[in-house]
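S.K.: The structure is given below, and queries will be raised subsequently.
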Amino acid sequence: MKISIHKLEQQINYTFKNKSYIIEALTHSSYANENKRFNVKHNERLEFLGDSVLGIVISHHLFEDRKELPEGELTKLRANIVCEESLNEVAVSINLGEYLLLGKGEEATGGRERVSILADAFEAVIGAIYLDGGIESAKKFIMDTMKEVIEDSIKGKVFRDYKTHLQEMLQSKESEKIVYEVLKETGPDHNKKFLVQVKQGDQILGTGEGKTKKEAEQRAAKQAIQRIDIV
Numbered sequence: 001m002k003i004s005i006h007k008l009e010q011q012i013n014y015t016f017k018n019k020s021y022i023i024e025a026l027t028h029s030s031y032a033n034e035n036k037r038f039n040v041k042h043n044e045r046l047e048f049l050g051d052s053v054l055g056i057v058i059s060h061h062l063f064e065d066r067k068e069l070p071e072g073e074l075t076k077l078r079a080n081i082v083c084e085e086s087l088n089e090v091a092v093s094i095n096l097g098e099y100l101l102l103g104k105g106e107e108a109t110g111g112r113e114r115v116s117i118l119a120d121a122f123e124a125v126i127g128a129i130y131l132d133g134g135i136e137s138a139k140k141f142i143m144d145t146m147k148e149v150i151e152d153s154i155k156g157k158v159f160r161d162y163k164t165h166l167q168e169m170l171q172s173k174e175s176e177k178i179v180y181e182v183l184k185e186t187g188p189d190h191n192k193k194f195l196v197q198v199k200q201g202d203q204i205l206g207t208g209e210g211k212t213k214k215e216a217e218q219r220a221a222k223q224a225i226q227r228i229d230i231v
């Protein structure tokens with residue numbers, strides 16, 4: 001599979017001097033395992049590095065920006081910002097899944113949309129930028145792409161699986177099952193868009209659009225949560 005590094009660089013507003021770093025960051029272990037004869041490097045080491053860089057950048061930002069908070073509250077806030085769900089949300093926002101190199105088996109089972117794979121790849125990209133351009137370049141990338149996540153976390157938003165969150169908040173009530181319905185599917189196979197609504201009985205709780213059904217369902221659930229004010 002060919003990937004457009006230039007297109008991704010435009011998407012993330014960073015141009016790599018050493019393209020091998022970003023290629024490694026986008027390479028899942030399943031792809032490397034299927035191409036061992038080519039000695040392909042996968043992104044797990046860069047993910048390890050990126051996780052540490054992300055932690056220090058967010059820690060420093062919160063330390064400077066939230067001077068009124070004690071250590072315990074800063075720790076909780078940082079954990080929410082760097083959790084898998086929030087990193088996945090940012091990865092989706094920059095279309096990172098489109099550029100991943102996956103093994104055939106992982107591709108066939110929806111790996112391109114898997115939360116853990118996207119979150120890990122995002123951390124790997126941070127690691128790649130850090131190696132290529134240093135801490136300031138990595139910091140700029142993190143603060144640019146995660147600005148909304150950071151602001152939402154400071155406002156008290158908890159990042160989690162919105163479908164699960166909605167289910168948990170409504171399951172205690174004796175009510176009808178929550179159902180997700182595809183209202184519209186548009187676009188060619190390589191660039192689909194789905195419009196989904198979430199209902200409980202005859203009541204429409206929310207709608208959402210995404211490049212996959214799962215993404216659209218998550219956004220519909222998110223809108224439902226916001227509408228019924230249970231975030």
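The UniProt record's numbering numbers the first residue of the sequence shown as 1 and each following residue consecutively.
Ideal placement from N, C-alpha and C gives every residue a C-beta, glycine not left out.
#1: Short of 7 angstroms in beta carbon distance, which residues of its chain neighbour Glu34, apart from the five on each side in sequence? Order them along the chain.
#2: For Leu118, tell me which candidate among Glu84, Arg78 and Asp65 has the shortest Cα-Cα distance.
#3: Could you name the residues of the same chain whose beta carbon sits closer than 8 angstroms to that of Ile204, not counting the 5 residues immediately before and after it, in chain order?
#4: Could you tell me whether the stretch 145 to 158 touches the stretch 200 to 214, using the rule of 3 or more Cβ pairs below 8 angstroms?
#5: Check whether the stretch 15 to 32 and the stretch 111 to 129 touch, using three or more Cβ-Cβ pairs below 8 angstroms as the test.
#6: Please report the Cβ distance between Tyr99 and Leu49, rounded to the nearest whole angstrom; I am assuming they are in contact, meaning their Cβ atoms lie under 8 angstroms.
#7: Compare the beta carbon distance of Tyr162 and Lys222 with 8 angstroms and say whether it is the shorter of the two.
#8: Taking DSSP as the reference, what is the three-state secondary structure of Ile56?
#9: Taking the CB atoms as reference points, tell me whether Lys192 and Glu185 lie closer together than 8 angstroms.
#10: According to the neighbour-count rule (16 or more other Cβ atoms, all chains shown, within 10 Å of its Cβ), is Phe16 buried or exposed?
#11: Measure from the alpha carbon of Gly55 to the alpha carbon of each residue in Ile5, Glu9, Gly133 and Thr75, then state which is nearest.
#12: Suppose you measure from the CA of Gln32 to the CA of Ala216; what does that come to, to the nearest Å?
M.R.: This is what the structure holds:
#1: Gly103 and Lys104
#2: Glu84
#3: Gln197 and Val198
#4: no
#5: yes
#6: In fact, because the Cβ distance is near 19 angstroms, the residues do not count as touching under 8 angstroms.
#7: yes
#8: helix
#9: yes
#10: buried
#11: Thr75
#12: A quick correction: the sequence has Ala, not Gln, at residue 32. C-alpha separation (whole angstroms): 30 angstroms.
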